[in-house]
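In my numbering, the protein residues as written are 50 to 133.
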């Protein structure tokens, strides 16, 4: 059974988004991005006197989805490679 060209391009895009990162690499990247967002919130509170907590919560959800949805979709649909 052959995979349609559109689904191949979809999985290729998922591979490009994930960038061959594993679970712990995605977790470390998520942690570093959340730390940077926290530091930027502290900076905006101290310099601009603006609290950005209302923006950080949805951004953390979106960033977690960005790191883990492609990884889990690739793990669920992992097929043996015919290359090599």
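Glycine included, C-beta positions come from ideal geometry on N, C-alpha and C. As the structure is a prediction and not an experimental result, all values here were calculated from the model.
May I ask which residues mark the beginning and end of the alpha helix (DSSP H) holding residue i?
i           : result
residue 92  : 72-92
residue 106 : 102-125
What does the Cβ neighbour count give for residue i, buried or exposed, with the cut at 16 atoms within 10 Å?
i           : result
residue 107 : exposed
residue 73  : exposed
residue 100 : exposed
residue 80  : exposed
Quick check: the Cα distance between residue i and residue j, rounded to an integer number of angstroms?
i           : j           : result
residue 119 : residue 62  : 9 Å
residue 58  : residue 126 : 14 Å
residue 114 : residue 64  : 15 Å
residue 77  : residue 69  : 14 Å
residue 30  : residue 60  : The chain is shown only over 50 to 133; residue 30 falls outside these bounds and no answer can be derived.
Taking 8 Å as the limit between beta carbons, can you name the residues of its chain near residue i, skipping five residues before and five after?
i           : result
residue 85  : none
residue 102 : 90
residue 83  : 109, 112
Give every residue of the same chain whose Cβ lies closer than 7 Å to the Cβ of residue i, excluding the five residues on either side of it in the sequence, and list them in chain order.
i           : result
residue 67  : 119, 120, 123
residue 75  : 116, 117, 120
residue 93  : 99, 101
residue 105 : 86, 90
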